[in-house]
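A.B. asks: The structure follows.
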Amino acid sequence: MTGKTSYSLEILMLVLLELLAAAPVCFAQSNDPTNTSTSGQTGTQSSDQSETASERDNDPWQDWRLTITTKKIAHFLDYPSSAVGSLTVLSVQYEQPANSRKKPPKPYENLYYTGERLLGCKLMDDLNITPGTAGTIKVEQANPEDSYAIANAVLRLYLDVSLNRCMTKSVVVPGILFAGVTGAICKQGFHRANVASSSSRLSLRVVSDLDQSTQILRMP
90 MTGKTSYSLE ILMLVLLELL AAAPVCFAQS NDPTNTSTSG QTGTQSSDQS ETASERDNDP
150 WQDWRLTITT KKIAHFLDYP SSAVGSLTVL SVQYEQPANS RKKPPKPYEN LYYTGERLLG
210 CKLMDDLNIT PGTAGTIKVE QANPEDSYAI ANAVLRLYLD VSLNRCMTKS VVVPGILFAG
270 VTGAICKQGF HRANVASSSS RLSLRVVSDL DQSTQILRMP
């Protein structure tokens with residue numbers, strides 16, 4: 090497999106801390122289109138909405154979204170002396186703006202795991218999101234047994250967008266994965282917190298898409 094070299098997450102986090110300390114980033118506000126049309130102006134309202142949507146699709150300062158989908162390949166290289174029984178492929182796509190009606194998501198990378206071990210990464214494209222913008226990392230439905238691999242992928246994406254001078258607003262996960270993913274992120278250097286600490290430069294807000302349960306995780 091070809092792609093980026095895999096480094097220790099701990100080393101990458103330390104590098105990121107140094108970069109953030111050396112060059113603080115100012116983030117743009119989200120641009121959410123609002124309807125200011127008055128009643129009795131149906132034609133104008135429709136035209137304005139169309140123009141607003143078109144402007145939004147071409148606005149490089151809109152929020153972005155990275156989406157992780159998971160595929161399990163059972164019995165991959167499954168022979169008696171093999172160290173790789175099954176393979177979990179995490180595919181990442183990105184879009185800016187999120188939910189664009191004109192621009193489909195673009196493939197970013199594939200991450201390959203067996204159990205909790207990362208085997209490799211295949212880079213599909215550069216992460217072409219606008220520096221200084223913010224967005225979310227969204228995890229699609231997956232098997233809870235892949236929670237550690239998903240958590241590891243989330244942290245790697247968090248590093249990627251941070252090094253691109255972007256801010257991760259939240260990590261949205263299916264309700265069935267909420268406990269497993271937050272626990273797995275904690276196993277990889279983060280700690281649970283009731284509120285974001287001003288003394289911690291690295292923090293993640295994990296949100297369940299089932300009931301909006303939220304857990305703030307930070308690295309001291």
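According to our numbering, the stretch in the sequence shown is residues 90 to 309, in order.
Idealized CB from N, CA, C, for every residue including glycine.
Taking Leu179 as the reference, which of Asp148, Ser292, Met213 and Pro186 has the closest Cα?
C.D. replies: In the sequence shown, counting from the first residue as 1, residue 179 sits at position 90. Of the listed residues, the one whose Cα sits closest to Leu179 is Met213.
A.B. asks: Helix or strand or just coil, what does DSSP make of Gly269?
C.D. replies: On the sequence shown, residue 269 is found 180 positions in, with the first residue counted as 1. Three-state result, Gly269: helix.
A.B. asks: Consider the C-beta atom of Val178 and the heavy atoms of the ligand ZN; say whether any pair is separated by less than 7 angstroms.
C.D. replies: Of the ligands one can find in the structure shown there are none, so the ligand ZN has no counterpart to examine.
A.B. asks: Can you give me the Cβ contacts of Tyr197 inside the same chain, cut-off strictly under 8 angstroms, excluding the 5 residues immediately before and after it?
C.D. replies: Here residue 197 is taken as the residue at index 108 of the sequence shown, counted from 1. Result list for Tyr197: Leu155, Val181, Gln182, Tyr183, Leu212, Met213, Asp214 and Leu216, in chain order.
A.B. asks: Using the rule of at least 16 other Cβ atoms within 10 Å of the residue's Cβ for burial, across every protein chain shown, is Thr177 buried or exposed?
C.D. replies: In the sequence shown, residue 177 corresponds to position 88, counting from 1. The residue in question, Thr177, is buried, as its Cβ has 16 or more Cβ neighbours within 10 Å.
A.B. asks: In angstroms, rounded to a whole number, what distance separates the CA positions of Gly278 and Met308?
C.D. replies: Translated into the one-based positions of the sequence shown, residue 278 becomes position 189. Translated into the one-based positions of the sequence shown, residue 308 becomes position 219. About 6 angstroms.
A.B. asks: Is Lys258 closer than 8 angstroms to Thr303 when the C-beta atoms are compared?
C.D. replies: What you label residue 303 is simply residue 214 of the sequence shown in a count that begins at 1. What you label residue 258 is simply residue 169 of the sequence shown in a count that begins at 1. No, Cβ-Cβ distance for Thr303 and Lys258 is not below 8 angstroms.
A.B. asks: Taking the DSSP output, what are the residues bridged to Leu306?
C.D. replies: Translated into the one-based positions of the sequence shown, residue 306 becomes position 217. Paired residues: Arg281 and Leu293.
A.B. asks: Residue range of the beta strand (DSSP E) that Asn241 falls in?
C.D. replies: Position 152 of the sequence shown holds residue 241. Run containing Asn241: none in the beta strand (DSSP E); it sits in the alpha helix (DSSP H), Ser236 to Leu252.
A.B. asks: Give me whichever residues DSSP pairs with Gln182 in a beta bridge.
C.D. replies: In the sequence shown, residue 182 corresponds to position 93, counting from 1. Gln182 is bridged to Thr156 and Pro196.
A.B. asks: What's the gap between the Cα of His280 and the Cα of Leu306?
C.D. replies: Start at 1 with the first residue of the sequence shown, and residue 280 comes out as number 191. Start at 1 with the first residue of the sequence shown, and residue 306 comes out as number 217. If I take the Cα positions, the gap works out to 5 angstroms.
A.B. asks: Determine the direct distance from the alpha carbon of Lys191 to that of Pro233, and round the result to whole angstroms.
C.D. replies: If you number the sequence shown from 1, residue 233 lands on position 144. If you number the sequence shown from 1, residue 191 lands on position 102. About 33 angstroms.
A.B. asks: Any idea what DSSP makes of Asp121, helix, strand or coil?
C.D. replies: Taking the first residue of the sequence shown as 1, we reach residue 121 at position 32. No answer about Asp121 holds up, because its pLDDT of 44 lies below 50 and its placement is not dependable.
A.B. asks: Can you say whether Pro186 is buried or exposed, counting buried as having 16 or more other CB atoms within 10 angstroms of its CB?
C.D. replies: The residue you call residue 186 lines up with position 97 of the sequence shown. Under this definition Pro186 is a buried residue.
A.B. asks: Using a Cβ-Cβ cut-off of 8 angstroms (strictly less than) and excluding sequence neighbours within five positions of Gln301, which residues of its own chain qualify?
C.D. replies: Here residue 301 is taken as the residue at index 212 of the sequence shown, counted from 1. Excluding positions up to five away in sequence, the list is empty.
A.B. asks: Which one of Lys195, Lys161, Thr159 and Thr219 has the shortest CA to CA distance from Asp148?
C.D. replies: Translated into positions along the sequence shown, residue 148 becomes position 59. Measuring from the Cα of Asp148, the nearest candidate turns out to be Thr219.
A.B. asks: Residue range of the beta strand (DSSP E) that Met256 falls in?
C.D. replies: Sequence index remark: in the sequence shown, residue 256 carries index 167 (1-based). Counting along the chain, the beta strand (DSSP E) containing Met256 begins and ends at Met256 to Val262.
A.B. asks: Could you give the C-beta distance for Val243 and Thr203, rounded to a whole number, given that I count them as a contact under 8 angstroms?
C.D. replies: Within the sequence shown, numbered from 1, the residue matching residue 243 stands at position 154. Within the sequence shown, numbered from 1, the residue matching residue 203 stands at position 114. Not really, about 18 angstroms apart at Cβ, beyond 8 angstroms.
A.B. asks: Are the beta-carbon atoms of Leu266 and Ala238 separated by less than 8 angstroms?
C.D. replies: For the purposes of this step, residue 266 is taken as the residue at position 177 of the sequence shown. For the purposes of this step, residue 238 is taken as the residue at position 149 of the sequence shown. Taking 8 angstroms as the Cβ cut-off, Leu266 and Ala238 do not qualify as a contacting pair.
A.B. asks: Figure out for me which residue from Ser297, Glu205 and Val228 has the closest Cα to the Cα of Ala273.
C.D. replies: Here the question's residue 273 lines up with position 184 in the sequence shown. Per the Cα distances, Glu205.
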